[in-house]
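Residue numbers (our numbering): -4 to 155. A virtual CB, placed ideally from N, CA and C, is assigned to each residue, including glycine. Since this is a predicted model, take the numbers as computed values, not measurements. Everything below concerns the one structure shown next.
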């Protein structure tokens, strides 16, 4: 049977984990609302934008790699890539050695769209600060950018 001290330690750990979860959830909710509003002017969803950015950084990726780097299910990545290929933003090609693998490349139109989004939208730390203020209003805690980055790196690794 757990002692009173052990129970308090477990409760404190549980509360800390819940605060981290709430901060992460609130941050994503806040960012998602802001990005959705800004990206609709470019006729892009958040996931479509993530795919374009991933390909902008590394132009020649498989659907699986895009899904992993864009934090989405592989079927979501495939469906969105097909849709963006129809818009002439991407080029899809089956791997010549393994037809189950689809390789995606960013077309010039897609590259120009990413550049346009980056020129017209504000992705500065001021925007992140504004989002953390919203989190404070939602859950009573204002995380710093480093707090958020730490949570993301703990979950997804140092690449992020």
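- Spanning the alpha carbons of residue 41 and residue 76 requires a straight line of approximately 13 Å.
- Residue 7 has its alpha-carbon roughly 48 Å from the corresponding atom of residue 101.
- Here residue 44 has 34 as same chain residues with Cβ atoms under 6 Å from its own Cβ, once five neighbours each way along the sequence are excluded.
- With 16 or more other CB atoms across the displayed protein chains lying within 10 angstroms of its CB, residue 25 is buried.
- Rounded to the nearest whole angstrom, the CA to CA distance from residue 15 to residue 98 is 36 Å.
- Under a 10 Å Cβ-count criterion, residue 18 is classified as buried, with 16 or more other Cβ atoms of the shown protein chains found around its own Cβ.
- In the three-state reduction of the DSSP assignment, residue 101 falls in the strand class.
- For the pair of segments examined, the region 67 to 85 was found to touch the region 44 to 53: the number of CB pairs separated by less than 8 Å reaches three.
- Here residue 9 is exposed. Its C-beta has fewer than 16 other C-beta atoms within 10 Å.
- The three-state reading of DSSP puts residue 66 in coil, since its state is none of H, G, I, E or B.
- As computed with DSSP, residue 24 is found in no beta bridge at all.
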